[in-house]
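Student: Quick one: structure below, then a few questions.
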Amino acid sequence: MKKRISIFTVGCVVAVVGLLLSPANLFAGQNEFTDSSGMEFVKIEAGAFTMGAPEGEEFEDAQPEHKITITKPFYMGKYEVTRKQWAEIMGQDASKLSNPNNPVEQVSYADVELFLLKLNEKEGTKTYRLPTEAEWEYAARAGTAAAYFFGDDASRLGEYAWYYGNSKFTNPVGRLKPNPWGLYDIYGNVFEWCQDYYGQDYYKDAPSVDPKGFQPDVKVKKTARVIRGGGWYSKAKFCSSAYRSNSLSPQKFIGLRLVKDIE
């Protein structure tokens, strides 16, 4: 005897399929996506890692090592923001080099805030931002614990990064090998702004879950922001996962990589 499928059952199946195929669910399940500005992103899953440099290394402001948990997945730019992408949003290019696929540089933190405001308006969202320092290191390490995501052998850095040993200026993004999570130029090319204020002793009392960085005294008018990853002029040791630096102003070696919250 043939079983009859009720209209109610069919309707339920259609409803469930429709829900699963809705734009929001499709977006949430993607490992990569490209927005209308042509910026490509990679999904970084939530997880835990050891942040900072081990004792014995010279990076005292990156000590002590401490366990960090990132509780929410997020999208991170596969590449550093390019001159072309910056110009399309801002209407003008801040950099001096001719190749539009080189990372934008010489942009201040205030410039980046305006860029993010305009990008979010263009995309009709409020989800584009800079990474926190913890998110940046978590993504750069890609599940590894060595000085670099490829190990401790600095002689291999040239396979992955434009730095003092192989470059005298910025280079087009994506020319070298990515890290295990598909992020290109996470070391070298340009330092990348993070949203955190810089605190030299911040790691000594840093929160262990989704840290947002040092919170300066409200009376302090000028507090530097964290920059990460090293730049084209940096020596190899300054292009490591743990190395921290900071800046108050735009420089020819500072650019940015975006994060997008998952809605």
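Going by mature numbering (1 follows the signal peptide of the UniProt record, and there is no 0), the letters in the sequence shown line up with residues -28 to -1, 1 to 235, in that order. Beta carbons are placed, not taken as given, at the ideal position from N, Cα and C, and that holds for glycine.
Which residue marks the beginning of the alpha helix (DSSP H) containing A106, and which one marks its end?
Tutor: 105 to 113 is the span of the alpha helix (DSSP H), which, as asked, contains A106.
Student: What's the C-alpha gap between Y136 and G185?
Tutor: Approximately 29 Å, taken between the alpha carbons.
Student: Which of the three DSSP states, helix, strand or coil, is assigned to S127?
Tutor: Note: S127 maps to helix in three-state DSSP.
Student: Could you check the C-alpha separation between E27 and T97 for me, to the nearest Å?
Tutor: If you take the alpha carbons of E27 and T97, they lie about 42 Å apart.
Student: Are the CB atoms of E77 and K224 nearer to each other than 7 Å?
Tutor: Yes; because the gap between Cβ atoms is below 7 Å, this pair is in contact.
Student: Taking C-beta to C-beta, are P75 and V162 nearer than 7 Å?
Tutor: In contact: P75 and V162 (Cβ atoms closer than 7 Å).
Student: Measuring CB to CB, does V181 end up less than 7 Å from T41?
Tutor: Yes. Within cutoff.
Student: How big is the Cα-Cα spacing for S219 and G171?
Tutor: Each residue's alpha carbon lies about 12 Å from the other.
Student: Can you tell me whether I234 is buried or exposed? The criterion is at least 16 other CB atoms within 10 Å of its CB, across all chains shown.
Tutor: Exposed is the call here.
Student: Starting from Y169, trace the beta strand (DSSP E) both ways and give me its first and last residue.
Tutor: Its beta strand (DSSP E) spans residues 163 to 169.
Student: What is the residue span of the beta strand (DSSP E) that M23 lies within?
Tutor: Note, M23: beta strand (DSSP E), 19 to 23.
Student: Going residue by residue through the region 35 to 119, where are the continuous beta strand (DSSP E) segments of at least 3 residues, counting only ones entirely within it?
Tutor: Counting only runs of 3 or more, we get 38 to 42, 46 to 49.
Student: Just the Cα atoms here: how many angstroms apart are V145 and M48?
Tutor: Distance between the alpha carbons of V145 and M48 is about 15 Å.
Student: Around the Cβ of E30, are there at least 16 other Cβ atoms within 10 angstroms (buried) or fewer (exposed)?
Tutor: Flag for E30 reads exposed.
Student: When you compare only the Cα positions, how much space is there between K50 and K194?
Tutor: For K50 and K194, the distance between alpha carbons rounds to 31 Å.
Student: What is the DSSP secondary structure of E235, reduced to helix, strand or coil?
Tutor: E235: coil per DSSP, three-state reduction.
Student: Under a Cβ-count criterion, where at least 16 other Cβ atoms within 10 Å of its own Cβ denotes burial, should P183 be classed as buried or exposed?
Tutor: Buried, since its Cβ has 16 or more Cβ neighbours within 10 Å.
Student: Is the separation between the beta-carbon of P45 and that of E12 shorter than 7 Å?
Tutor: Taking 7 Å as the Cβ cut-off, P45 and E12 do not qualify as a contacting pair.
Student: Please classify F13: does DSSP put it in a helix, a strand, or coil?
Tutor: F13 falls in the strand class under three-state DSSP.
Student: Of all the options Q64, Y175, P72, which has the alpha carbon lying nearest to the alpha carbon of E52?
Tutor: When only C-alpha atoms are compared, the closest one is P72.
Student: Is E32 helix, strand or coil by DSSP?
Tutor: The answer is helix: DSSP assigns E32 an H, G or I state.
Student: Smallest Cα separation from Y159: which of T142, Q167, Y175, Y169?
Tutor: Considering only alpha carbons, the answer is T142.
Student: Would a C-beta distance cut-off of 7 Å place F122 and A114 closer than the cut-off?
Tutor: Cβ atoms of F122 and A114: not closer than 7 Å.
Student: Can you tell me which residues form a DSSP beta bridge with I226?
Tutor: In DSSP, I226 forms a bridge with F163.
Student: When you compare only the Cα positions, how much space is there between W58 and Y205?
Tutor: Their backbone Cα atoms lie some 22 Å apart in a straight line.
Student: If you follow the beta strand (DSSP E) that T6 is part of, which residue opens it and which one closes it?
Tutor: Looking at the DSSP string, the run of the beta strand (DSSP E) that includes T6 is 4 to 6.
Student: Classify F141 as helix, strand or coil using the three-state DSSP reduction.
Tutor: In the structure shown, F141 sits in coil (DSSP, three-state: anything other than H, G, I, E or B).
Student: Can you tell me whether F186 is helix, strand or coil according to DSSP?
Tutor: Of the three classes helix, strand and coil, the one that applies to F186 here is strand, per DSSP.
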